[in-house]
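Residue numbers (my numbering), protein chains in the order written: chain Y, -14 to 319; chain V, -14 to 319.
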């Protein structure tokens, strides 16, 4: 918190509640962070305990703002999974343990402030599109590649939500009809081929020989295949080994880049954006991912206009900042 | 044209310029048609002659409105291919012969009226979403299946245009990586597997043995493979033969339905709509297409919410009505 006087003493309380941790902040109306803190989610305690922590942390942030002479004006909360933004309900967030939790109203009641609930990837996309790597573009597709793969289509700073809060599920589009089974139940979904978990699993399978079990996850779900990999190698390890010239790692990396390029080409055919922002854990590989991905996407562009492909700029703070932006937007609409 | 007095004497001049013919109308502000006429496009005459016909027909409709005591207030023109709606330019309409034609300004100057230029499928989607089969839904995907396949994503009555006027190209998403070559240059596009042309071509190929040549089309392009089919059978014939129990026709029909269902499932994952409206020539097969397509789409819905799948209601007048609606929208924004 800054100690000096502020032209605008308004602050937004923002929380991004993930399966492992919560990123929390007080955010100024210009999108800059006045204060940030992190807390474990500890989802194993059950949804009631997680909700209690969310309310306590949000309340603490509002108190902190007041103690510094600022005015908390709204609260934004982001959660993964299926989110009904209009109703403010966390419909299904498997890795947080939420099922039909009316989180928006619980927060609003506790804080006595207007509150909004958003989807973690969609608000992350809003933040990247307005403040991050897409800030010069009007049509942005933010693609988060981690345990799962999901996207946010952001036009003029607003993310498409869809009819049931489920737009942007690019992880569950078909890219390989004869590909591995996905945690969602279908075969050949992008997520089953190119998520960080899929890369690690594919490498382990090829290194150790075939092993049974489904690949990939449903939206916001924990990986379906929880048996320990015989080769406990992460996607980052695969990227490192590929960069070091290991043949098997190079093959796995190339296959995942090809699948990703197919998925992004489908996204471009349907959305037609200026800029694609690649985020999530796998994007930490930087140009080792983006370089070949850009080339593979370029090959697939025929009549389409080719989008700019860039790495996310806000790291894991995008969701928290986006929750704050969504809260500020809701104030403007009042 | 009605002879009696009208509460609202305003009329919009609307033209849908296709490769074969132009559907033209005077449309009331409530979306009803006061007068309709059709003219051949005769694209073989070249783009200048087609533009001259468009201007003459539009001028004639405006005169007709005035002669009937009404006031023409705007003109909407729809064309296929790549359309820059913001600039009012027909960037590329292969089957009409347009290349960078500033059609909006040409029409506006000739008529002395505000004019708009729209994409035929996008304005068709607007019309189906507001006046047709999607009129009770807020999130609609209109999919036109004819020589090619294209879609319009319509939310709250407005169609997504994209960053370069190319959104909704669902015909060019990957569904079969090892599938036939598409006219766009890629392999396994939905359009190369499930357009009316693809159904006819596939049947001919299986009936007569393999024949060389690319399948499918680029957006707004004429079929790439113009050699006469050895079995000159249309998609409607294939549908008829399949309904009559012919095994080969049944197989071709089922394969195209499976590919379509994969494409629609990808569309649902990315757009999350309430209602999918299926139009274009292939949709004339009615429940013979929609019945199995609905079942195949249902099988593919895992975590997604299943959209309602319905036949288009406005037939080949959708583009003309949509052009009128786009023109009315532009007046409201002035």
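The C-beta atom is built at its ideal place from N, Cα and C for all residues, glycine as well. Predicted model only: the values in this text are computed from it and were never measured.
Nearest to residue i by CA position, among the options, is which residue?
i: residue 269/V; options: 301/V, 280/V and 163/V; result: 301/V
i: residue 266/V; options: 30/V, 68/V and 130/V; result: 130/V
i: residue 32/Y; options: 80/Y, 71/Y and 61/Y; result: 80/Y
i: residue 224/Y; options: 252/Y, 249/Y, 253/Y and 271/Y; result: 271/Y
i: residue 87/V; options: 254/V, 37/V and 237/V; result: 37/V
i: residue 1/Y; options: 14/Y, 101/Y and -7/Y; result: 101/Y
i: residue 16/Y; options: 105/Y, 145/Y and 117/Y; result: 117/Y
i: residue 297/Y; options: 92/Y, 115/Y and 23/Y; result: 115/Y
i: residue 192/V; options: 231/V, 14/V and 82/V; result: 231/V
i: residue 122/V; options: 39/V, 293/V and 222/V; result: 293/V
i: residue 47/Y; options: 13/Y, 287/Y, 132/Y and 278/Y; result: 13/Y
i: residue 20/Y; options: 10/Y, 274/Y, 29/Y and 65/Y; result: 10/Y
i: residue 6/V; options: 105/V, 278/V, 229/V and 171/V; result: 105/V
i: residue 295/Y; options: 257/Y, 153/Y, 41/Y and 279/Y; result: 279/Y
i: residue 119/Y; options: 134/Y, 142/Y, 132/Y and 98/Y; result: 142/Y
i: residue 148/V; options: 252/Y, -1/Y and 70/Y; result: 252/Y
i: residue 187/Y; options: 164/Y, 171/Y, 290/Y and 170/Y; result: 164/Y
i: residue 98/V; options: 229/V, 255/V, 82/V and 61/V; result: 61/V
i: residue 57/Y; options: -7/Y, 82/Y and 78/Y; result: -7/Y
i: residue 190/Y; options: 233/Y, 180/Y and 162/Y; result: 233/Y
i: residue 255/V; options: 78/Y, 135/Y and 27/Y; result: 135/Y
i: residue 157/Y; options: 290/V, 316/V and 318/V; result: 290/V
i: residue 110/V; options: 82/V, 152/V, 168/V and 72/V; result: 152/V
i: residue 24/V; options: 316/V, 285/V, 50/V and 305/V; result: 305/V
i: residue 184/V; options: -2/V, 240/V and 145/V; result: 240/V
Where DSSP assigns a beta bridge to residue i, which residues make up the other side?
i: residue 294/Y; result: 261/Y
i: residue 123/Y; result: Its beta-bridge partners do not exist; DSSP assigns none.
i: residue 322/Y; result: Outside the shown range of chain Y, which is -14 to 319, sits residue 322/Y, and nothing can be said about it.
i: residue 60/Y; result: -2/Y and 100/Y
i: residue 20/Y; result: 11/Y
i: residue 159/V; result: 174/V
i: residue 143/V; result: 140/V
i: residue 4/V; result: Per DSSP, none; premise fails for residue 4/V.
Which two residues bound the contiguous beta strand (DSSP E) that contains residue i?
i: residue 116/V; result: Residue 116/V -> no beta strand (DSSP E), and no H or E assigned at all.
i: residue 68/V; result: 67 to 69
i: residue 84/V; result: 83 to 86
i: residue 78/Y; result: 74 to 78
Please look up how many angstroms separate the CB atoms of residue i and residue j, rounded, as I've assumed it's under 8 Å.
i: residue 53/Y; j: residue 303/Y; result: Going by Cβ atoms, the distance from residue 53/Y to residue 303/Y rounds to 25 Å, so no, they are not a contact pair.
i: residue 244/V; j: residue 178/V; result: 4 Å
i: residue 150/Y; j: residue 76/Y; result: 7 Å
i: residue 313/Y; j: residue 59/Y; result: 7 Å
i: residue 43/V; j: residue 108/V; result: In fact, because the Cβ distance is near 16 Å, the residues do not count as touching under 8 Å.
i: residue 248/Y; j: residue 175/Y; result: 4 Å
i: residue 238/V; j: residue 227/V; result: 4 Å
i: residue 124/V; j: residue 257/V; result: 7 Å
i: residue 127/V; j: residue 235/V; result: Not confirmed; about 28 Å, so no contact.
i: residue 287/Y; j: residue 95/V; result: That belief does not hold up - the Cβ atoms of residue 287/Y and residue 95/V are roughly 35 Å apart, past 8 Å.
i: residue 218/V; j: residue 281/V; result: Actually they are not in contact, since the Cβ atoms of residue 218/V and residue 281/V sit about 23 Å apart, beyond 8 Å.
i: residue 26/Y; j: residue 4/Y; result: 6 Å
i: residue 103/V; j: residue 154/V; result: With 8 Å as the limit, residue 103/V and residue 154/V do not qualify as a contact, their Cβ atoms being about 16 Å apart.
i: residue 180/V; j: residue 133/V; result: 6 Å
i: residue 285/V; j: residue 246/V; result: 6 Å
Specify, as a first and last residue, the run of the alpha helix (DSSP H) that residue i falls within.
i: residue 305/V; result: 303 to 317
i: residue 277/V; result: 272 to 285
i: residue 176/Y; result: 175 to 179
i: residue 40/Y; result: 32 to 52
Please check if any C-beta of chain C sits within less than 8 Å of the C-beta of residue i.
i: residue 134/Y; result: Among the chains of the structure shown, chain C does not appear; the protein chains present are Y and V.
Please list the segments of the beta strand (DSSP E) lying wholly inside the stretch 221 to 252 of chain V, counting only runs of 3 or more residues, in order along the chain. none
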